[in-house]
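Asks: Quick note: the sequence shown uses our numbering, first residue 33, plus one each step.
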Amino acid sequence: YIIPHVDDRYEMLAMLGDAIKSVYASVFYADSKAYMTATSNVIDQEKMAVIIQEVVGKQVGDYYFPSFSGVGRSLNYYPNDEIPEDGVTEVAVGLGKYIVDGGLSLRFSPRHADKVLQTSTLDLALRDTQTKFYALDMKRGVEADFKVDDGFNIAKLRIQDVAQTGALRYMVSTYDFRDQVIRDSDFGEGRRVVTFANILQHKVFPLAEIVDFMLTKGQEEMGRPVEIEFAGVLDVDARGKGSLYWLQIRPIVERKDIVDESILGLPDEKVLLRSNTALGHGNIDNVDTVVYVRPENFSSSNNSLIAREIEKINRNFTERNEGYVLIGPGRWGSSDTALGIPVKWPHISSARLIVESSLKNYRIEPSQGTHFFQNLTSFGVGYFTIDPSSNDGIYDVDFLNGCDAVYESDFIRIVKFPAPLTIGINGRKGSGVVVKPEVNTSI
Numbered sequence: 033y034i035i036p037h038v039d040d041r042y043e044m045l046a047m048l049g050d051a052i053k054s055v056y057a058s059v060f061y062a063d064s065k066a067y068m069t070a071t072s073n074v075i076d077q078e079k080m081a082v083i084i085q086e087v088v089g090k091q092v093g094d095y096y097f098p099s100f101s102g103v104g105r106s107l108n109y110y111p112n113d114e115i116p117e118d119g120v121t122e123v124a125v126g127l128g129k130y131i132v133d134g135g136l137s138l139r140f141s142p143r144h145a146d147k148v149l150q151t152s153t154l155d156l157a158l159r160d161t162q163t164k165f166y167a168l169d170m171k172r173g174v175e176a177d178f179k180v181d182d183g184f185n186i187a188k189l190r191i192q193d194v195a196q197t198g199a200l201r202y203m204v205s206t207y208d209f210r211d212q213v214i215r216d217s218d219f220g221e222g223r224r225v226v227t228f229a230n231i232l233q234h235k236v237f238p239l240a241e242i243v244d245f246m247l248t249k250g251q252e253e254m255g256r257p258v259e260i261e262f263a264g265v266l267d268v269d270a271r272g273k274g275s276l277y278w279l280q281i282r283p284i285v286e287r288k289d290i291v292d293e294s295i296l297g298l299p300d301e302k303v304l305l306r307s308n309t310a311l312g313h314g315n316i317d318n319v320d321t322v323v324y325v326r327p328e329n330f331s332s333s334n335n336s337l338i339a340r341e342i343e344k345i346n347r348n349f350t351e352r353n354e355g356y357v358l359i360g361p362g363r364w365g366s367s368d369t370a371l372g373i374p375v376k377w378p379h380i381s382s383a384r385l386i387v388e389s390s391l392k393n394y395r396i397e398p399s400q401g402t403h404f405f406q407n408l409t410s411f412g413v414g415y416f417t418i419d420p421s422s423n424d425g426i427y428d429v430d431f432l433n434g435c436d437a438v439y440e441s442d443f444i445r446i447v448k449f450p451a452p453l454t455i456g457i458n459g460r461k462g463s464g465v466v467v468k469p470e471v472n473t474s475i
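(1) Taking buried to mean at least 16 other C-beta atoms within 10 Å of its own C-beta, is Tyr415 buried or exposed?
(2) Checking the sheet assignment: what are the DSSP bridge partners for Ser399?
(3) Taking the C-alpha atoms as reference points, what is the distance between Val132 and Gly102?
(4) Tyr356 by DSSP, collapsed to three states: which one?
(5) From what residue to what residue does the beta strand (DSSP E) around Glu122 run?
(6) Report buried or exposed for Arg287, applying the criterion of at least 16 other Cβ atoms within 10 angstroms of its Cβ.
(7) Measuring straight from C-alpha to C-alpha, what distance separates Gly89 and Ser382?
(8) So, for Glu114: in the same chain, excluding its five sequence neighbours on each side, which residues have a beta-carbon less than 6 Å away from its beta-carbon?
(9) Given that a residue counts as buried once 16 or more other Cβ atoms are within 10 Å of its Cβ, and exposed if not, what is Ser331?
(10) Is the beta carbon of Gly312 sitting closer than 8 Å to the one on Gly459?
(11) Give the C-beta separation of Val4 and Val467 to the nearest angstrom, bearing in mind that I take them to be a contact with Cβ-Cβ under 8 Å.
(12) Quick check on the DSSP output: the beta strand (DSSP E) that includes Asp169 runs from which residue to which?
(13) Where Asn407 and Phe165 are concerned, what is the direct C-alpha to C-alpha distance, given to the nearest angstrom?
(14) Leu207 bridges to which residues according to DSSP?
(15) Taking a contact to mean a Cβ-Cβ separation below 8 Å, would you say Glu341 touches Ser441 in this structure?
(16) Contact between the region 149–165 and the region 276–286 is defined here as three or more beta-carbon pairs at a separation below 8 Å; is this criterion met?
(17) According to DSSP, is Met47 part of a helix, a strand, or is it coil?
(18) Going by Cα to Cα distance, which pick from Ser399, Tyr33, Pro257 and Val204 is closest to Leu371?
(19) Compute the distance between the beta-carbons of Val55 and Tyr33, then report whether it is under 8 Å.
(20) Taking C-beta to C-beta, are Ile380 and Asn346 nearer than 8 Å?
Written out as structure tokens, the structure is:
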């Protein structure tokens, strides 16, 4: 809970007391109990503390917020022309709750801050960047009673509105709709776009260098990969002036991150899929279905029809809350139907692993998931690139063709196995496999 500062000390104390009570009460919420069950923790061995700390930020009108907040990890399992050990950072304007709640943050490697995929093209910058942010409403917390929702006094503001006050200088750029370009300034007409270009490219503030130091030093001292949370305040009237606060550091410990290396080392005949350029990390569980485009009937002239069929198939998986492996040729999500199947993310949103596999007569430069990168990283979806014709990976389509299909059309087959598939990805090495299940095939 975040509470505003007020001059009346008794009113301030009352709000603080309500916040502490609310934190204690949270252990009885359904979400907390579900977490305890999922992690197999024993309730009588748990201990609890309440931490009181100052909120990083500054007041702009009736709202209080940091210039930016973010999360950094010393390992990047979705590298884009980098190596995993270069790390990755997600940064956003305003309170960090926006990132925690899954809002559109800006993702970059602190060692390659001049390469930001989301701002690499005009279309991506307008589509995949932040348009709103969270701030503490300095009045709502005083006038309203405390509620179960810890965001009851948090306001969601439009970037466009607040940028006009000058409070977001250096973090936003301006879209010039006449010339169809984005200018790295908060002056002029047009939509404000959160690019952090003046910070990351023009070095107004050494954010990337500081985060890289925090991740490198944190990993050295903890002896393992780390995750940090930070927030900063810029003096928008003094170029290069500001403060960055190191809020929290913790080791990266996720059971999902533990990959059985013996799976990755299985011989080729036991593998359904193998990729040497895989994105993601860990095990993908509870997936027992493969949806694949039939190579023998494939023609790029049918790509629009295939996209519509996949959209309908995905809708059924979404309604059942089930995931699947999606395999197809060319670039998934390409707007050019000659290069791939033109699906949008909502059309394949239930896929837990997406595979690009080239054909002998259809070899397209792989996209490495660039069309869906924001969604891949947000939802932890795996992405394989395979080129069997040049011995770069394995795709045993004959095995799938020999299995009974639960759905079959001119373009697509769906194979459902009796048990979940074994899927593992080592994000450090960029390698991933799907183990061939033991089933009775018809050939």
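Where a beta carbon is used, it is the ideal one built from N, C-alpha and C, also for glycine. Quick caveat: nothing in here was measured; it's all calculated off a predicted structure.
Replies: Looking at the atomic coordinates:
(1) Looking up residue 415 in the sequence shown gives position 383. Tyr415 is buried by the Cβ-count criterion.
(2) Walking along the sequence shown from the start, residue 399 turns up at place 367. In the DSSP output, where bridge partners are listed per residue, Ser399 has none listed.
(3) To locate residue 132, count along the sequence shown from 1; it is residue 100. To locate residue 102, count along the sequence shown from 1; it is residue 70. The alpha-carbon of Val132 is positioned some 9 Å away from that of Gly102.
(4) In the sequence shown, residue 356 corresponds to position 324, counting from 1. In the structure shown, Tyr356 sits in a strand (DSSP, three-state: E or B).
(5) Your numbering for residue 122 matches position 90 in the sequence shown. Per DSSP, Glu122 belongs to the beta strand (DSSP E) from Val120 to Val125.
(6) Numbered from 1 along the sequence shown, position 255 holds the residue referred to as residue 287. Because Arg287 sits at a pLDDT of 48, beneath the cut-off of 50, its placement in the model cannot be relied upon, and the point is left open.
(7) The residue given as residue 89 occupies position 57 in the sequence shown. The residue given as residue 382 occupies position 350 in the sequence shown. C-alpha separation (whole angstroms): 38 Å.
(8) Residue 114 sits at position 82 when you count from the first residue of the sequence shown. So the list reads Ser141 and His144, once near-sequence residues are dropped.
(9) Position 299 of the sequence shown, counting from 1, holds the residue named residue 331. Sixteen is the threshold: since fewer than 16 other Cβ atoms of the shown chains lie within 10 Å of the Cβ of Ser331, the residue is exposed.
(10) Mapped onto the sequence shown, residue 312 falls at position 280. Mapped onto the sequence shown, residue 459 falls at position 427. Closer than 8 Å, so yes.
(11) Since the first residue shown for the chain is 33 and the last is 475, residue 4 is missing from the structure and cannot be characterised.
(12) Position 137 of the sequence shown, counted from the first residue, corresponds to residue 169. Boundaries of the beta strand (DSSP E) around Asp169: Lys164 to Asp169.
(13) Start at 1 with the first residue of the sequence shown, and residue 407 comes out as number 375. Start at 1 with the first residue of the sequence shown, and residue 165 comes out as number 133. Counting only the Cα atoms, Phe165 lies some 19 Å from Asn407.
(14) Against the sequence shown, residue 207 aligns to sequence position 175. The residue asked about is misnamed: residue 207 is Tyr in this sequence, not Leu. Under DSSP, Tyr207 forms a beta bridge with Ile214.
(15) Within the sequence shown, numbered from 1, the residue matching residue 341 stands at position 309. Within the sequence shown, numbered from 1, the residue matching residue 441 stands at position 409. Yes.
(16) Flag = no, the region 149–165 and the region 276–286 do not touch.
(17) For the purposes of this step, residue 47 is taken as residue 15 along the sequence shown, with counting starting at 1. If DSSP states are grouped into helix, strand and coil, Met47 belongs with the helices.
(18) Counted from its first residue, the sequence shown places residue 371 at position 339. Ranking the options by Cα distance to Leu371, first place goes to Ser399.
(19) Taking the first residue of the sequence shown as position 1, residue 55 is located at position 23. Taking the first residue of the sequence shown as position 1, residue 33 is located at position 1. Cβ distance < 8 Å, so Val55 and Tyr33 count as in contact.
(20) Numbered from 1 along the sequence shown, position 348 holds the residue referred to as residue 380. Numbered from 1 along the sequence shown, position 314 holds the residue referred to as residue 346. Closer than 8 Å, so yes.
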